[in-house]
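*Asks:* My structure is below; once you've seen it, I'll send some questions.
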Amino acid sequence: MRDYCIKTATPEDLDGARAVMLDTVYHDFGTGYVPRWHRDIVDLHGAYLAPERHTLLVVSDERDDTIVATAALDSRGPAHPPNPSDLAARYPSGETAQLRRVYVRPEHRRRGLARRLVAELLDFAAAEGGYRAVYLHTDPAVPGAEAFWCSLGEVVCDEREGPYGGQGIVHFEIPLVSSAAH
């Protein structure tokens, strides 16, 4: 088993984190970089390092110090559009911790890294205070994504069940509890 280090990203980690994120949107999502969806990837410092109550975590493989996974949290709720208006009302910015960019390179998956990253983000949200909900959305077409998030939280909206299918996205709420409370 490899040794991994989870830490809060520093400016020196941003190129490696960006590479993981861009590889994910190109290879796993098949969309490539779409500015309206992925703008934060270009400005990771402005999106996650500079703002209070936001964070970006990275996982490095201690054998070669390469970044192999990422996870972020910000205080922006889901925007309408493109998300359903009732979700934007239920999860307002400032009161919602939104999990973003929980990505693990394929060769490092199935080692518990994503689960550990989410636990760290929940600890961060609890320590920061002021959050009343933890929200995220996922593309169920990505292998394993829907099952992973179902193991951690509750589906609050499945756009595939709507009259028009929306974007086909599944929206989740994760219980806001610190892993230290378990």
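Sequential numbering of the sequence shown, starting at 133, is according to this note's numbering.
Cβ coordinates follow ideal geometry from the N, Cα and C atoms, glycine included.
Could you check whether Gln230 and Tyr267 sit closer than 8 Å to each other, using their CB atoms as the reference points?
*Replies:* It is a contact, given that the beta carbons lie within the stated cut-off.
*Asks:* Quick one, which of Arg264, Ile138, Tyr223, Asn215 has its alpha-carbon nearest Thr187's?
*Replies:* The shortest C-alpha separation from Thr187 is found at Ile138.
*Asks:* Which partner residues does Ala199 have in the DSSP bridge list?
*Replies:* Before going on, a small fix: residue 199 reads as Ile here, not Ala. BP columns for Ile199 point to Ser192.
*Asks:* List the endpoints of the continuous beta strand (DSSP E) containing Glu286.
*Replies:* Start and end: 286-290.
*Asks:* Alpha carbon to alpha carbon, what distance is there between Ala211 and Pro224?
*Replies:* So the alpha carbons of these two residues sit roughly 9 Å apart.
*Asks:* Measure from the alpha carbon of Leu249 to the alpha carbon of each residue in Val190, Val174, Arg242, then state which is nearest.
*Replies:* It is Val190 whose Cα lies nearest to the Cα of Leu249.
*Asks:* Can you tell me which of Tyr296, Gly294, Thr270, Val274 puts its alpha carbon nearest to the alpha carbon of Glu286?
*Replies:* With distances taken between Cα atoms, Glu286 lies closest to Thr270.
*Asks:* With respect to the alpha helix (DSSP H) encompassing Phe304, which residues constitute its N-terminal and C-terminal limits?
*Replies:* Run containing Phe304: none in the alpha helix (DSSP H); it sits in the beta strand (DSSP E), 302-306.
*Asks:* Three or more C-beta pairs closer than 8 Å, one from the segment 191-200 and one from the segment 251-258: is that the case here?
*Replies:* At 8 Å Cβ cutoff, the stretches do not touch.
*Asks:* For my contact list, Cys289 and Leu219 are in at a C-beta cut-off of 8 Å; report their separation, rounded to the angstrom.
*Replies:* That pair is a contact at about 6 Å.
*Asks:* In chain order, which continuous runs of the beta strand (DSSP E) of length 3 or greater are located wholly inside the segment 137-190?
*Replies:* Whole beta strand (DSSP E) segments, 3+ residues: zero.
*Asks:* Between Ala201 and Asp145, what straight-line distance do the alpha-carbon atoms span, to the nearest angstrom?
*Replies:* Approximately 11 Å, taken between the alpha carbons.
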